[in-house]
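**Q** Each residue of the sequence shown is one higher than the one before, counting from 260 in our numbering.
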Amino acid sequence: QAAIGGHLDARFNLGVIEKDEGRLERAIKHWIIAAKLGYDRAVEALKVCFRKGSMSKDVFAEALRAHQAAVDATKSPQRDEAEAAV
């Protein structure tokens, strides 16, 4: 339920469970969803899959573009100032 509700750690962890159970295609789907929402750990998992040949270059590239768009959407001058102050 947490994954469905948008909790990125839960979505990522579902991917790990699926991989451990031998269902890599399902794991990749979970990681793609998490990556598209800006979750960095999911991108790292997808990189490993891509390097091992478990996913196509096109699918990997699409996930990377969506991840970058999500990260860019969360950037703002106010957020940058707050991070600099910490």
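Beta carbons: idealized from backbone N, C-alpha and C, even for Gly. All of these numbers come straight from a predicted model, not from anything done at the bench.
Please work out which residues of its chain come closer than 6 Å, Cβ to Cβ, to residue 274, disregarding the five sequence neighbours upstream and downstream, and give them in chain order.
**A** Counting only Cβ-Cβ distances below 6 Å, and skipping sequence neighbours, we find 286, 289 and 290.
**Q** Taking the alpha carbon of residue 283 as the reference point, which residue from 316, 343 and 307 has its own alpha carbon closest?
**A** Selected option, being the one with the closest Cα: 307.
**Q** With a cut-off of 8 Å on the beta carbons, I'd call residue 266 and residue 295 a contact; round off their distance for me.
**A** Contact flag wrong, Cβ pair sits at about 14 Å.
**Q** If we ignore side chains and look at the alpha-carbon of each, how far apart do residue 315 and residue 303 end up?
**A** One C-alpha to the other measures close to 15 Å.
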